[in-house]
Structures are given as C-alpha cells and as structure tokens.
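Here the structure comes first, spelled out in structure tokens, and everything after it is commentary.
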Amino acid sequence: MKLLAIDCAANLCAACVYDAAAGKELGRSVLDLGKGHAEHLMGVIEGALKAAGSDYASLGAIAVSTGPGSFTGLRVGVSAARGLALALKIPAIGVTTLEALAAETAAIFPRRAVIAALDAGREEIHAALYDERSVLIYGPAVTTLSHAAAMAIDISPVLAGTAATQIAAAAGRSFDLGETAATADIAVYARLAAAQGAGKHGEAEKPKPLYLRGADAKPQAGFVLSRQKN
Numbered sequence: 001m002k003l004l005a006i007d008c009a010a011n012l013c014a015a016c017v018y019d020a021a022a023g024k025e026l027g028r029s030v031l032d033l034g035k036g037h038a039e040h041l042m043g044v045i046e047g048a049l050k051a052a053g054s055d056y057a058s059l060g061a062i063a064v065s066t067g068p069g070s071f072t073g074l075r076v077g078v079s080a081a082r083g084l085a086l087a088l089k090i091p092a093i094g095v096t097t098l099e100a101l102a103a104e105t106a107a108i109f110p111r112r113a114v115i116a117a118l119d120a121g122r123e124e125i126h127a128a129l130y131d132e133r134s135v136l137i138y139g140p141a142v143t144t145l146s147h148a149a150a151m152a153i154d155i156s157p158v159l160a161g162t163a164a165t166q167i168a169a170a171a172g173r174s175f176d177l178g179e180t181a182a183t184a185d186i187a188v189y190a191r192l193a194a195a196q197g198a199g200k201h202g203e204a205e206k207p208k209p210l211y212l213r214g215a216d217a218k219p220q221a222g223f224v225l226s227r228q229k230n
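Quick note on numbering: our numbering labels position 162 of the sequence shown as 162, and the sequence is numbered without any gaps.
The structure is reproduced here in structure tokens:
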C-alpha cells in the first residue's frame, strides 16, 4: 500500500509518499514556510506524488500530523487529509507531533524513555512521555516547565522537541537530546501511520486537530449585545 503523509503542524509544509509494504519513502516535497500552508499544500502534495512517480489513484491511505502545533496549520492539514480521504474513499490516519518526535528520537536512542515537549508560550509546555517500549504513559497534556523538569529528573529520559533544552536547564542537569524542532521528519509520520493502519480493522476514527488549549483569539465580552426577550 502507498500512503501519502502531510504535515502542516509547524513551520514546514511537507508531504511524502511511503510504501508501507516495503517500509520505505518513495518521494517527498518540503517547504519551510512559517505561514501560508493553505496556499502551498496542494502544490507540495503534487510535488511529492511526482517525485514518487505516483498519483492519487495509487494511494491507499492519507496520514496527517494532528498537533499540537499551529492552529491554522493544523486545520489546513487535517482538512486536506480528510477531504482527500473522502474523495479517494481511503482512510485518513492522524499522528500527533509529540508521538512523531518521540518515535524519531527512539530510533536514535533505542530502549530509552522519551519526553517529547513543545514550548507553548505563557510558561506552558505541551508534553508526552513514552516509556522504553515507546508506550505512551503521560499526556499529551499541557503542563508547566517545573513539572516537566521534575519528570525528567525522576526518569532520566531522552528529551525531544522545542522545549527540550528548557527542560534540561530547569532540571539543572544534562540530558541526551533528540530532535529539538517543532515537528518530526515527514517520513516518520508516514511510518507511524502505516503501522497504525495495519493494526486497525474497519473504519478508523477520522483525524482531528489536537488542541491542548483554546485559541488565542476570543470574543470581546464588552461588545456582546445582550439577548432580547420576546
């Protein structure tokens, strides 16, 4: 089965085609945008398909990063994945950015616990803890830097994600570091989704963005008109 993976969770707009049976990437296209995922995603997908010598009809599943990450980027990626899956009548499979970062790190540091953590601002951390077998045992959750540091001191894991160095500094000691970016390599999403798809039967739950806290933009209550009673 060929699988298309897409990632718009952070600064990258990325896509790759992955051969699940052979366990290898066939082609990719990646742009470092920061913003503008909606305008470029379909072109990036076309570039990945062309690089792989594939087309939409050859795909058996769509994988997508579900966050945590950029609110707008997540909506763009998940909407595209669900739309393509519906049009092609194939499953869409969601993979979190924390799971992908942890898996990428576990490949470098096998049989080690991993804390994948992203700096969420406002002195908050988005974190998940995976044990030595890559089994999720905490999160994904919003936590504080001090709590993440306490977990790290307790279990001495490998740290990954944009908050990795912050956690190490708060803990006051050194740790092995994995990938410290905001998202993993696009092929990691494809590999994890292929494994998820192989282990599920029937219709899987449709992917949706993983928002660990509300949007920054909120209605201004002072300008809300009271409802009139009839």
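Virtual Cβ for every residue (Gly too), placed ideally from N, Cα, C. A quick note: this is a predicted structure, and the numbers were derived from the prediction, not measured.
Between which residues of its own chain and residue i is the CB-CB distance below 8 Å, once the five residues before and five after are set aside?
i           : result
residue 109 : 158, 176, 178
residue 31  : 12, 13, 14, 40, 44
residue 54  : 2, 17, 26, 27
residue 274 : Nothing can be reported for residue 274: it is not among the residues displayed for the chain, which extend from 1 to 230.
residue 10  : 69, 70, 73, 97, 181, 182, 183
I need the straight-line Cα distance from residue i to residue j, nearest angstrom please.
i           : j           : result
residue 58  : residue 206 : 21 Å
residue 85  : residue 23  : 21 Å
residue 33  : residue 79  : 19 Å
residue 192 : residue 95  : 7 Å
residue 209 : residue 75  : 7 Å
residue 172 : residue 163 : 14 Å
residue 114 : residue 133 : 10 Å
residue 243 : residue 52  : Past the boundaries of the shown model lies residue 243; the chain is included only from 1 to 230, so the question cannot be answered.
residue 106 : residue 141 : 20 Å
residue 231 : residue 125 : The structure shown has nothing for residue 231, since the chain only spans 1 to 230.
residue 122 : residue 145 : 10 Å
Can you tell me which of the three DSSP states residue i falls into?
i           : result
residue 32  : strand
residue 189 : helix
residue 177 : strand
residue 131 : coil
residue 143 : strand
residue 39  : helix
residue 161 : coil
residue 15  : strand
residue 121 : strand
residue 197 : helix
Taking 6 Å as the limit between beta carbons, can you name the residues of its chain near residue i, skipping five residues before and five after?
i           : result
residue 138 : 129
residue 196 : 93
residue 8   : 37, 73, 76, 77
residue 120 : 126
Please return the same chain residues whose Cβ sits closer than 7 Å to the Cβ of residue i, not counting the five positions on each side in sequence.
i           : result
residue 60  : 1, 2, 3, 90
residue 81  : 6, 62, 64, 92, 207
residue 38  : 76
residue 194 : 3, 18, 20
With a threshold of 8 Å between beta carbons, is residue i in contact with chain B?
i          : result
residue 48 : Here there is only one protein chain, and chain B is not present.
Mind checking whether the beta-carbon of residue i lies closer than 7 Å to any heavy atom of the ligand ZN?
i           : result
residue 112 : With respect to the ligand ZN, the structure shown offers nothing to examine, as it has no ligands at all.
- Message: Runs of 4 residues minimum, wholly inside the segment 43-118: which ones carry the alpha helix (DSSP H) assignment?
- Response: 71-88, 97-108
- Task: Spell out a yes or no on whether the segment 94-111 and the segment 184-191 are touching, meaning 3 or more CB-CB pairs, one atom from each, closer than 8 Å.
- Result: Yes, the segment 94-111 is in contact with the segment 184-191.
- Query: For the segment 206-214 against the segment 67-87, are there 3 or more C-beta pairs whose distance is under 8 Å?
  - Reply: yes
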